[in-house]
Amino acid sequence: MKKTKNPKQQSKTTADIKNEPNQVGSIRQRFIWAFFLIVIVFGSSLYSLKNNRQFAMMNGMAEEYLQLGVNMYYSGNFYLSDSAKTPFVFRPPGYVKYLDLVLHSSGEMKPKNYQYQSQEEFDRQKEKVLNVIYFSQCLLLTIASLVIFLLLSEFLSVAPAFAISLMFGVNPYLIMLTGIVHYEILHICLMLISTWLMYLAFARKKFGLVFLVLSAVLWGLTTLVRPVSLILPALFGIMLIIYFGKNWKKSILFFSVFTLVFASTIAPYTYRNYKLLHRIIPVNAQSNIALWAGSQVSLNLDANHYRWWKIWYPDGQEAYEKTTGAKSFETAIYAEHVLELEDQFKSKFKENIASHPMIYIGNICKNFLLLNFGINSVFIKMFQYQQHNAGEINKTWLETGNRQDFYSSEATNVFEILILIMSLMSLAGIYFAIKHNDKLIYIPLAVFLTIVISHSITYMDLMYYYVRIPFLFVFTAFFIKHLGIAFKKSNGILVQKIVAFGLLIYTIFLYMAVI
């Protein structure tokens, strides 16, 4: 006859032990660590803003967002200019509206018909406006760092959560992005807040549906900044099946609530597009050209060059000239003919799939690899060049095949090593979390896979690698959590601190080298 073990002597389940070495801090402890985090991150980004030349519009690489934002400020309309004839649907509206709000709150804008007395006066005014935008993006980076801390402190003790969050906020890659008039920092901030709220919907079950609704609203707003999250409800639905198992009622409830609120948040802008153009465009009209770009030519595994130019010439330019009658590319002209061009590129995509499908399949695989292991580290080199040579960025450096020897940068190699280490830790963090049935990993994983799949099946290029950065920190934190579990309780917390603060020290040295 088998002896029944005393419940007190039974081995603990994974659910019992998975939070054991973490000692999540009290509200007071979190507040203190959060205060120091805010001060250091905001101070570090402002230091860069004061002492370095910023990317600004990156010699045209940052597209026409400032022009759109200024025009929205003066006219209230989403057009490139007052003379535009076709309603603007070429770009998503989120970042433009953000710029409009920043400009309205700045008090720095001159009246619309103000006559500048000289080019110098105009340049000074432009610099003031740009600094206001940079300042606001420093605030966004600080908020994003705080949200990372709040998310990580749900499952890590406050010290390693602080270290990883500070590492996020002072890494030079993101600090450089605060000084570009582009959507990266806003998108990162909104993605993190949305993911954190989604995480709380499962971690704080008492108010789960409240957090889920808030998350869905934020995800809708995030999608209006960049529509790569349009397919999120599908990935969220798959995640729910894995998370809740046979509890179909819970899965259906969560999926229905999230999808309905998410769609309702986007719907007013979709209706605006339909009312103006009589075509269903959820956010912006770029999907067909992106699909065509992914199927046109076989692309290299190259994170540091702008692959678009190789794709666009000659076939894309030929289609543009044929449709518009213009010989040189201009965004305003493209925007006026965007629906005609979308139809053309849709047909070309279908032709490419029929004639050479393996190019598209190969590019999907390459995009997937690049988003999981690549990083556009050339930005570090370009930033340092601006500071040490007082020169403008030359877009030819980014052409496919360019050796990019315009500046010698050891910091670039150091940054690439950091990203490689965190990529490996992230993979290990995902593996161990799934292995030990740490189901909360599925929330950030569903979000990350949404971004990866969206870019993989369409187009991936130089300006998009920022999307993986916040998830590297979240998945690395899961690795540190499960690394601590592998040790006894006291030793586990010590190991977590050693790894987290080791990575932080490495990042601080990188910050000092670049900023």
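Residue 309 in numbering that gives the first Met the number 0 sits at position 310 of the sequence shown; the count goes up by one each step and never skips. Virtual Cβ for every residue (Gly too), placed ideally from N, Cα, C.
Top-ranked residue by Cα proximity to residue 338, from 487, 288, 51 and 117: Nearest of 487, 288, 51 and 117 to residue 338, Cα basis: 288.
Residue nearest to residue 108 in terms of C-alpha spacing, selected from 84, 116, 140 and 73: The shortest C-alpha separation from residue 108 is found at 73.
DSSP beta-bridge partners of residue 251: DSSP, once it has assigned bridges, lists no residue as partnering residue 251.
Pairwise C-alpha distance: residue 114 and residue 229: Roughly 43 Å separates the two Cα atoms.
Proximity below 8 Å, CB of residue 176 to CB of residue 184: It is a contact, given that the beta carbons lie within the stated cut-off.
Contacts around residue 352, its chain only, beta-carbon distance under 7 Å, and the 5 residues preceding and following it disregarded: The answer, listed in chain order, is 294 and 359.
Burial state of residue 429 (16 or more Cβ within 10 Å): Here residue 429 is buried. Its C-beta has 16 or more other C-beta atoms within 10 Å.
Beta-carbon spacing of residue 386, residue 406 below 8 Å: It is not a contact, given that the beta carbons lie outside the stated cut-off.
contact_flag[the stretch 410-422, the stretch 502-509] where n(CB pairs < 8 Å) is 3 or more: Proximity of the stretch 410-422 to the stretch 502-509 meets the contact definition, three or more beta-carbon pairs being nearer than 8 Å.
Residue 460 burial status per 10 Å Cβ neighbour count (16 or more: buried): With 16 or more other Cβ atoms within 10 Å, it is buried.
Distance between residue 475 and residue 469 (C-alpha atoms, nearest Å): If I take the Cα positions, the gap works out to 10 Å.
Alpha-carbon spacing of residue 326 relative to residue 241, whole angstroms: Here the alpha carbon of residue 326 sits roughly 53 Å from the alpha carbon of residue 241.
Exposure of residue 254, with buried meaning 16 or more beta-carbon neighbours within 10 Å: Residue 254 is buried by the Cβ-count criterion.
Entirely enclosed alpha helix (DSSP H) segments - the stretch 56-140, minimum 4 residues: For the stretch 56-140, whole alpha helix (DSSP H) runs of length 4 or above, ordered along the chain, are 64-74 and 93-105.
8 Å CB neighbourhood of residue 79 in its chain, flanking five on each side removed: Result list for residue 79: 63, 66, 67, 70, 87, 330, 331 and 334, in chain order.
Where residue 20 sits in the DSSP three-state scheme: No answer about residue 20 holds up, because its pLDDT of 49 lies below 50 and its placement is not dependable.
The stretch 249-265 / the stretch 218-228 touching (three or more Cβ pairs under 8 Å): Touching, per the Cβ criterion.
Contact under 8 Å by Cβ, residue 513 with residue 410: Going by C-beta atoms, residue 513 is nearer than 8 Å to residue 410.
Alpha-carbon to alpha-carbon, residue 299 and residue 234: So the two alpha carbons sit approximately 28 Å from each other.
Residues of its chain near residue 226, where Cβ-Cβ distance is below 7 Å and the 5 sequence neighbours each way are ignored: Cβ within range, chain order: 91, 281, 282 and 283.
Cutoff 7 Å; reference residue 136; Cβ partners in own chain excluding five residues on either side: If the five residues before and after residue 136 are omitted, its C-beta is found closer than 7 Å to the C-beta atoms of 177 and 184, all from its own chain and listed in chain order.
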